[in-house]
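What follows is a single structure, written as structure tokens, with notes after it.
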Ligand SMILES: [Fe+2]
Ligand SMILES: [Fe+2]
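Residue numbers (UniProt numbering): 1 to 348.
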């Protein structure tokens, strides 16, 4: 469990070029970006997909949101502010942590993906800044950004996630790397979702359409990050089977379980049963379904009995999160359609 992990070298004239020697971790990389010499061939699809997902936050019109924000019900406004505060934290932490993961990944093509992902996470944080700059005063904006300083619940939520990343940051072992990669997978595939659901519920109620559109673009990016991390974990399973003993898999499944439970608690706190068209029962059903789906994505046994299918009451969530019918099949790891952002804008 405490097996050492080696930081990747930087300039390394003796690095291995042969694909057979390339490894996700503890390999001997040259760091050369050779697009025609990839061991992990899914990277080509992922890279093209990520490039085609390019979008610019300021191209989305927030005029309606400026009016709507002042007319939100008190519970809607509180949820809006707290969820935005949490999402800004998540995207900021991702931007900071991805290079930290990349430092130990010795497959150069995978590092390319992590770099693009970090860039996208930075855009996500900036898009929240753009939303806040548009709809509220600088004082309100700062208050929302740093709400965790005054809200112990939000602070505990952020700390729980931050501590998982800190484990690997301060204690470099192979085991902690896998845990941090799984924490990433949970973050991309579970933590964002009660926030996304809330914004989509507002959208269904005809409120904050600009914010909803920003969130749809972010959601699309997060889906591709989930795909990336799932692929990394599956490769690690093949290359480092000793890290995936039944005992360790139980630890990883428990991380997913705890992720779902934390998210349900959080949703109870910020959303409750106060938002039209979204009940806690719906949120809980959906999150348990996601927990099972994420387990299945890694070849683990599901956690929750039942909950194998997307709850019918929540099918509108995937309609929202699929803005231009990009079909990404995470289980096959294939992309069956590409679209540029200009096409998406026409569609929305
Ligand atoms: Fe993000
Ligand atoms: Fe992400």
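All residues carry an ideal CB built from backbone N, CA and C; glycine is no exception.
Of the listed residues the options, nearest to residue i (C-alpha basis)
{"i": "residue 300", "options": "284, 233, 69", "result": "233"}
{"i": "residue 47", "options": "113, 79, 80", "result": "113"}
{"i": "residue 278", "options": "205, 161, 235, 164", "result": "205"}
{"i": "residue 56", "options": "124, 17, 202, 175", "result": "124"}
{"i": "residue 11", "options": "319, 30, 44", "result": "30"}
{"i": "residue 41", "options": "16, 22, 68, 122", "result": "22"}
{"i": "residue 80", "options": "207, 19, 64, 137", "result": "207"}
{"i": "residue 319", "options": "200, 104, 262, 187", "result": "200"}
{"i": "residue 103", "options": "58, 109, 6", "result": "6"}
{"i": "residue 52", "options": "65, 58, 217, 194", "result": "217"}
{"i": "residue 252", "options": "276, 180, 262, 107", "result": "180"}
{"i": "residue 93", "options": "161, 255, 3", "result": "161"}
{"i": "residue 193", "options": "110, 14, 261", "result": "261"}
{"i": "residue 151", "options": "82, 98, 173", "result": "82"}
{"i": "residue 59", "options": "314, 96, 134, 116", "result": "134"}
{"i": "residue 237", "options": "271, 298, 62", "result": "298"}
{"i": "residue 115", "options": "105, 98, 107", "result": "98"}
{"i": "residue 265", "options": "311, 175, 156, 310", "result": "156"}
{"i": "residue 310", "options": "286, 296, 294, 17", "result": "286"}
{"i": "residue 91", "options": "39, 122, 314, 211", "result": "122"}
{"i": "residue 14", "options": "138, 220, 27", "result": "27"}
{"i": "residue 315", "options": "292, 302, 296, 283", "result": "283"}
{"i": "residue 245", "options": "67, 178, 74", "result": "178"}
Simplified DSSP assignment, three categories, for residue i
{"i": "residue 233", "result": "helix"}
{"i": "residue 173", "result": "strand"}
{"i": "residue 136", "result": "coil"}
{"i": "residue 182", "result": "helix"}
{"i": "residue 255", "result": "helix"}
{"i": "residue 288", "result": "helix"}
{"i": "residue 307", "result": "coil"}
{"i": "residue 21", "result": "helix"}
{"i": "residue 224", "result": "helix"}
{"i": "residue 107", "result": "coil"}
{"i": "residue 55", "result": "coil"}
{"i": "residue 34", "result": "coil"}
{"i": "residue 210", "result": "helix"}
{"i": "residue 26", "result": "coil"}
{"i": "residue 99", "result": "helix"}
{"i": "residue 321", "result": "coil"}
{"i": "residue 11", "result": "coil"}
{"i": "residue 239", "result": "helix"}
{"i": "residue 61", "result": "coil"}
{"i": "residue 150", "result": "coil"}
{"i": "residue 71", "result": "helix"}
{"i": "residue 39", "result": "coil"}
{"i": "residue 315", "result": "helix"}
{"i": "residue 163", "result": "helix"}
{"i": "residue 16", "result": "coil"}
{"i": "residue 327", "result": "Because residue 327 sits at a pLDDT of 40, beneath the cut-off of 50, its placement in the model cannot be relied upon, and the point is left open."}
{"i": "residue 298", "result": "coil"}
{"i": "residue 245", "result": "coil"}
{"i": "residue 219", "result": "helix"}
{"i": "residue 158", "result": "helix"}
{"i": "residue 192", "result": "coil"}
{"i": "residue 205", "result": "coil"}
Counterpart residues of residue i in DSSP-defined beta bridges
{"i": "residue 278", "result": "275"}
{"i": "residue 4", "result": "173"}
Integer Cβ distance of residue i from residue j, believed to fall under 8 Å
{"i": "residue 128", "j": "residue 88", "result": "5 Å"}
{"i": "residue 321", "j": "residue 168", "result": "So it is not a contact: roughly 29 Å between Cβ atoms."}
{"i": "residue 288", "j": "residue 307", "result": "4 Å"}
{"i": "residue 144", "j": "residue 214", "result": "The Cβ separation is near 15 Å, so there is no contact."}
{"i": "residue 290", "j": "residue 189", "result": "7 Å"}
{"i": "residue 185", "j": "residue 230", "result": "6 Å"}
{"i": "residue 235", "j": "residue 24", "result": "5 Å"}
{"i": "residue 43", "j": "residue 110", "result": "7 Å"}
{"i": "residue 106", "j": "residue 39", "result": "So it is not a contact: roughly 11 Å between Cβ atoms."}
{"i": "residue 256", "j": "residue 294", "result": "6 Å"}
{"i": "residue 209", "j": "residue 65", "result": "7 Å"}
{"i": "residue 272", "j": "residue 191", "result": "Rounded, the Cβ-Cβ distance is 18 Å, inconsistent with contact."}
{"i": "residue 389", "j": "residue 275", "result": "Past the edges of the chain, shown from 1 to 348, lies residue 389, and the structure says nothing about it."}
{"i": "residue 174", "j": "residue 73", "result": "Not confirmed; about 49 Å, so no contact."}
Contact test: residue i Cβ vs ligand 3 heavy atom, cutoff 7 Å
{"i": "residue 214", "result": "In the structure on display, ligand 3 does not appear, and the ligands it does have are ligand 1 and ligand 2."}
Note to self: Any residue with its C-beta under 5 Å from a non-hydrogen atom of ligand 1 counts. Can you list them all in chain order?
What the structure shows: 91, 121, 124
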